[in-house]
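A.B. asks: Residue numbers (our numbering): 2 to 323.
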């Protein structure tokens, strides 16, 4: 099979390697594609802690495709079933997944891309946000996660205020149901705008979905007394400072909405499959850019640089039949 190997900072090669064989309790998936996650960017840049070369397919964790081999002791999954999986070497034509980390995709999603991990992540963030009807919810950063969360929060009966840098992101937020949009360019003006929108109270829920210091600072300012600050951004580029005096004074709940329990991750993935299959959520407008495996570097650079209209990159390919 073909698999991407990261060979150094901002460098990769596509290698021909042996297809992995599923062990007991595993299935092999002939991948149709894999989403590119913002968490891939820092390793791609080659920080001090990153080790090269990576394993074939490494860093790809948003894969979907068709089961083409089943290991021993696997029940209820068969060759030919189309699935999304939580697996970790999906920048390749094939990947292995534990049978209990796979969700079948219904016929209604036939031929539709389905990067299950980020969709499941959005549903778990939403669950931990505990959004209720009538609340004002600020979402800082309208990319893939922010857009999905905008739709979910709006469907839950909240008033959604979307805050993001790019006009295209704000337009996307509107299309997913945001009641108000604010360009993220001036800290004090944003605070004043939100005070005006909320009668000086602030927001009952604030979801920070950027993963940088300033948006985290802004989120702490925007949440009201007794509210909930949900950290959905992935802060992997170094320590953060927070205004603990303000957080203490407000008596807010702080939620780091990153799940490590596989059962919880699968709960979100199953919720996402149901929502998309039923039509409650349409993520297709978010899949804005597609690349072949040989253009993985372009996909990563665009995920970092966000050209106009960019939301989500998918690496897609067709593997030869087994």
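From the three backbone atoms N, C-alpha and C, an ideal C-beta is built for every residue, glycine too.
Could you check which residue in 280, 6, 210, 216 has the C-alpha nearest to that of residue 93?
C.D. replies: Of the listed residues, the one whose Cα sits closest to residue 93 is 6.
A.B. asks: Mind checking residue 134: buried by the 16 CB within 10 Å criterion, or exposed?
C.D. replies: When all chains shown are included, residue 134 counts as exposed.
A.B. asks: Roughly how many angstroms separate the alpha carbons of residue 186 and residue 166, rounded to a whole number?
C.D. replies: Approximately 6 Å, taken between the alpha carbons.
A.B. asks: Count the other CB atoms, across all protein chains shown, that sit within 10 Å of the CB of residue 274; report buried if there are 16 or more and exposed otherwise.
C.D. replies: Label assigned to residue 274: buried.
A.B. asks: Given a cut-off of 8 Å on the beta-carbon distance, is the pair residue 27 and residue 100 in contact?
C.D. replies: Their beta carbons are under 8 Å apart, which means residue 27 touches residue 100 by this criterion.
A.B. asks: Only counting the same chain, and skipping five residues up and downstream in sequence, which positions put a Cβ closer than 7 Å to that of residue 161?
C.D. replies: Here the set comprises 138, 140, 151, 154, 155, 178, 179, 180.
A.B. asks: How is residue 293 classed by DSSP in three states: helix, strand or coil?
C.D. replies: DSSP places residue 293 in coil when its eight states are reduced to three.
A.B. asks: Rounded to whole angstroms, what's the CA-CA distance from residue 96 to residue 68? Just pull it up for me.
C.D. replies: The straight-line gap from Cα to Cα measures roughly 10 Å.
A.B. asks: Less than 8 Å between the CB atoms is what I'm expecting for residue 109 and residue 310, so what's the real figure, rounded?
C.D. replies: The pair is not a contact, with the Cβ atoms about 27 Å apart (cut-off 8 Å).
A.B. asks: What's the call for residue 64, buried or exposed, on a 16-neighbour Cβ count within 10 Å?
C.D. replies: Classification for residue 64: buried.
A.B. asks: Locate the beta strand (DSSP E) running through residue 34, then write down its first and last residues.
C.D. replies: Unbroken beta strand (DSSP E) run through residue 34: 27–36.
A.B. asks: Give the list of continuous beta strand (DSSP E) stretches no shorter than 3 residues that lie fully inside the region 249–305.
C.D. replies: You should have 254–257, 288–292.
A.B. asks: For the region 118–132 against the region 264–271, do three or more pairs of beta-carbon atoms, one drawn from each stretch, fall closer than 8 Å, so that the two count as touching?
C.D. replies: The region 118–132, when compared against the region 264–271, does touch it at the 8 Å Cβ threshold.
A.B. asks: Please report the distance separating the alpha-carbon of residue 56 from that of residue 47.
C.D. replies: Computed Cα separation, rounded: 15 Å.
A.B. asks: Going straight from the alpha carbon of residue 91 to that of residue 36, what length do you get?
C.D. replies: Distance between the alpha carbons of residue 91 and residue 36 is about 9 Å.
A.B. asks: Are the CB atoms of residue 142 and residue 44 nearer to each other than 8 Å?
C.D. replies: Taking 8 Å as the Cβ cut-off, residue 142 and residue 44 do not qualify as a contacting pair.
A.B. asks: From 106, 112, 29, pick the residue whose C-alpha is nearest to that of residue 88; which is it?
C.D. replies: Per the Cα distances, 29.
A.B. asks: Restricting to runs no shorter than 4 residues, where is the alpha helix (DSSP H) found entirely within the region 140–167?
C.D. replies: Correct list: 145–156.
A.B. asks: Shortest alpha-carbon distance to residue 221 belongs to which of 250, 104, 240?
C.D. replies: Comparing Cα-Cα distances from residue 221 to each of 250, 104, 240, the minimum goes to 250.
A.B. asks: Do you know how far the Cα of residue 229 is from the Cα of residue 14?
C.D. replies: For residue 14 and residue 229, the distance between alpha carbons rounds to 44 Å.
A.B. asks: Quick one: Cα of residue 193 to Cα of residue 209, how far?
C.D. replies: C-alpha separation (whole angstroms): 18 Å.
A.B. asks: At which residue ranges does the region 157–241 contain complete beta strand (DSSP E) runs of 3 or more residues, listed in the order of the chain?
C.D. replies: Runs of the beta strand (DSSP E) inside the region 157–241: 160–165, 181–184, 204–209, 224–232.
A.B. asks: Residue 19: buried (16+ other C-beta within 10 angstroms of its C-beta) or exposed?
C.D. replies: By the neighbour-count rule (16 or more Cβ atoms within 10 Å), residue 19 is not buried but exposed.
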